[in-house]
Each structure stands twice: as C-alpha cells, then as structure tokens.
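To keep things clear, I will list the structure first and then write my remarks on it.
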Amino acid sequence: MDKKYLRVYNDIVSQIESGIYEPTSMLPSEKNLISHYQVSRDTVRKALSMLEQHGYIQKTKGKGSFVLDINKLNFPVSGVVSFKEITERSGRNAKTTVELLEKQIPRESIRKNLELNAEEPVWKIVRSRTIDGEKVILDKDYVVCKYVDHLTEEACQDSLYEYIEGELGLKVAYANKEITVQMATDEDRKYLDLKNFDMVAVVRSYTYLVDTSLFQYTESRHRPDKFIFVDFARR
Numbered sequence: 001m002d003k004k005y006l007r008v009y010n011d012i013v014s015q016i017e018s019g020i021y022e023p024t025s026m027l028p029s030e031k032n033l034i035s036h037y038q039v040s041r042d043t044v045r046k047a048l049s050m051l052e053q054h055g056y057i058q059k060t061k062g063k064g065s066f067v068l069d070i071n072k073l074n075f076p077v078s079g080v081v082s083f084k085e086i087t088e089r090s091g092r093n094a095k096t097t098v099e100l101l102e103k104q105i106p107r108e109s110i111r112k113n114l115e116l117n118a119e120e121p122v123w124k125i126v127r128s129r130t131i132d133g134e135k136v137i138l139d140k141d142y143v144v145c146k147y148v149d150h151l152t153e154e155a156c157q158d159s160l161y162e163y164i165e166g167e168l169g170l171k172v173a174y175a176n177k178e179i180t181v182q183m184a185t186d187e188d189r190k191y192l193d194l195k196n197f198d199m200v201a202v203v204r205s206y207t208y209l210v211d212t213s214l215f216q217y218t219e220s221r222h223r224p225d226k227f228i229f230v231d232f233a234r235r
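So for the sequence shown, our numbering puts the first residue at 1; every next one is plus one.
Now the structure itself:
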C-alpha cells in the first residue's frame, strides 16, 4: 500500500507545530507540494485531507489551504503514544514529575479493570505533566507486576514505554480508550493548575502487550482548555 501521503502529512505537521507554517498563513499550492515532495496529485490531496480532518488546516475552494491556530496539544485517540513522544514531536516545553511510585495490592475497582486475582500486586504511578510552565495533566497508571517486576522513578520520569520495550523487551501493542468529562477531585486540585476550571477531561486506557496480555490501566486527567483529542477515520 502506498504510504507516501503519510510522509507528506507528517512533514507538514512538523512544520506547522514548529511554527514554520504560522496560523492563518497558507500552505504552498498543490502544484508546489507535488514538485517539492515528488509525489502525485492524489498523494498530496490525501495528505491535505488528513491535515484538515485532524484540525491543522482549513481548505477553501479557489484559495488554498489555510493553517489553523494549533495552541492545544493533540492526543491521538487511536494508537498508543507516550507523553514524551507527543511533546517531542510538538516541540513543547514539557516536564514530568513523579508524585508517587509504589507497589501495592490494588483496590477492587482497579483489580477488576486489570482482571487480576485478589492478591496480585501492581505498580501505582502518579505523574503530573507540566507543559509551558503549567501543570495540566495528571496521569495515574497501574502496571501489573508480573509483567514489569522492576520499576524506577527515573524510568517513570523519562518514558515508561521506552523502559518497558527497550529494557524489558516487551512489546506494547494496542489500547482500548474511554473519554469522559468529570468534576475535578481534591487530588486534581492538589496536583494540577486548574485555575477556575471545575471539570477535567478523563481518558481511561486499557493497554495490552503483543500477546494480548492486559498489563496497564491508566487514568489520564486533563485541564480542559489545553488539550484536544484527535482521531482519523477513513471510510
């Protein structure tokens, strides 16, 4: 299958997110993009359609493609991508603080989410995410110890998935996700710069290894003004 349109899409996304293409500016014409990337008109049009569906551009008939203001950090609903990968790609100034790392026997609701027996331990990891100087994400992860028997604060602060895949040799395959909006809790107020917001966007993820083992449950809590969750669907 021809994936050239993904190369064009990813390159333009990088240029938009790094500020090379500024908000309200126009992308080069289809003709110029075809020449620059040495691809077909159909490939360019697929890439532009994908950019429009993901909220990067607005196509206007007879005028071209205008770059939209991307002031939110896009979190893809599809795929399994680490916070480090997202922020590095967007070029944002980001920091992770490990608020808690401990091995525990989880409460019943977490045990049910991870399909565990009564005495199976998990790692509980609580991390706050600071972006451009504001704490705007609170991630609470529960990782099954029988798959990840050793875990350090350094690994959690850098990239949990890099550690799991690089050091432990496991392969993270896919995740099921649920997105809701909830009232902010005392814990949210403790760790996040919520300003006047009393609601948070909550993404619950059930993440599986390549052998279909459910090894991680995550509750990611977001200040609502800073983030947009994106997906791409093609009929």
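Every residue, glycine too, gets a C-beta built ideally from N, C-alpha and C.
Inter-segment contact for the segment 176-187 and the segment 142-155 is absent: fewer than three beta-carbon pairs are separated by less than 8 Å. Under the Cβ criterion (8 Å, minimum of three pairs), the segment 162-170 does not count as touching the segment 187-203. Its chain contains Val98, Leu101, Ile125, Arg127 as the residues whose beta carbon lies nearer than 7 Å to that of Cys156, once the 5 sequence neighbours on both sides are disregarded; these appear in chain order. Secondary structure at Tyr5: helix, using DSSP grouped into helix, strand and coil.
Taken through DSSP and simplified to helix, strand or coil, Ala47 comes out as helix. Scanning Tyr56, Leu209, Glu30 for the CA closest to the CA of Val148 turns up Leu209. Linking Leu138 to His36 through their CA atoms gives a straight-line distance of about 41 Å. In the DSSP assignment, Leu209 is bridged to Val172.
By the C-beta density criterion, Tyr174 is exposed, having fewer than 16 other C-beta atoms within 10 angstroms. Residue state for Tyr142 is assigned as strand, using DSSP reduced to three classes. Cβ-Cβ separation between Glu119 and Ile105: approximately 6 Å, consistent with a contact (criterion under 8 Å). In the displayed model, Ile228 falls within a strand according to three-state DSSP.
Under the three-state reduction of DSSP, Lys63 is assigned to coil, being neither helix nor strand.
Scanning its chain for C-beta atoms nearer than 7 Å, with the 5 sequence neighbours on each side dropped, one finds around Ser29 the residues Gly64, in chain order. With respect to the 9 Å criterion, Ala94 and Arg129 are classified as neighbours on the basis of their beta carbons. When the beta-carbon positions are compared, Arg223 and Asp193 come within less than 9 Å of each other. The alpha carbon of Arg111 has as its nearest neighbour, out of Asp211, Val200, Val13, Tyr206, the alpha carbon of Tyr206. A Cβ-Cβ distance of about 15 Å is found for the pair Val13 and Thr43, leaving them out of contact under the 8 Å criterion. Spatial neighbours of Ile20 in its own chain (CB-CB distance under 6 Å, excluding positions within 5 residues in sequence) are not present.
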